[in-house]
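See below for the structure under consideration.
Numbering (my numbering), first residue to last: -10 to 138.
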């Protein structure tokens, strides 16, 4: 099936809406993932929260850039807005984000924990899988609750 290209410009999320999206994503992610990270890494809950908060700050900056780029590219290539993103693009969106975020956060995990590079990479893989699944569900729900208008 050939995608249809919309010839009339469609709106993207505003900067304010993108900030709201990013803050909600990171806050809910911290609540869900911190206990799992503490359990898997052997770090205490407080230390795990601080590590994940540092990762969250790094990832928040990247998230705003990444999501805006993906939305613009998708709109330019397909004429589609984020709210109308099909399942297979949502999967690629979530995985692409998590893989690229590892490049920024892996050194932080090594620096801020007692984990070796190898164990930090395993932790990153676990975080990536958890956040990819969470990212898919979050963005699907967010787009339904707050569609681009």
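The beta-carbon is built from N, C-alpha and C at its ideal position, and this holds for glycine as well.
- In terms of Cα proximity to residue 108, the closest of 130, 29 and 40 is 29.
- Apart from the 5 residues on each side of it in sequence, residue 80 sits with its Cβ closer than 8 Å to the Cβ of 125 in its chain, given in chain order.
- Of the candidates 47, 43, 26 and 56, 56 places its Cα closest to the Cα of residue 4.
- Residue range 34 to 67 is occupied by the alpha helix (DSSP H) that includes residue 62.
- Spatial neighbours of residue 106 in its own chain (CB-CB distance under 7 Å, excluding positions within 5 residues in sequence) are listed in chain order as 99.
- Remark: three or more beta-carbon pairs, one from each stretch, lie closer than 8 Å, so the segment 79 to 94 and the segment 110 to 117 are flagged as touching.
- A distance below 8 Å between beta-carbons, with the five flanking residues on each side excluded, links residue 15 to the following residues of its chain, in chain order: 45, 48, 49 and 52.
- With distances taken between CA atoms, residue 36 lies nearest to 103 out of 103, 1, 63 and 68.
- Burial check for residue 65: the Cβ neighbour count within 10 Å stays below 16, so the residue is exposed.
- Of the residues 26, 69, 97 and 123, the one whose Cα lies closest to the Cα of residue 137 is 69.
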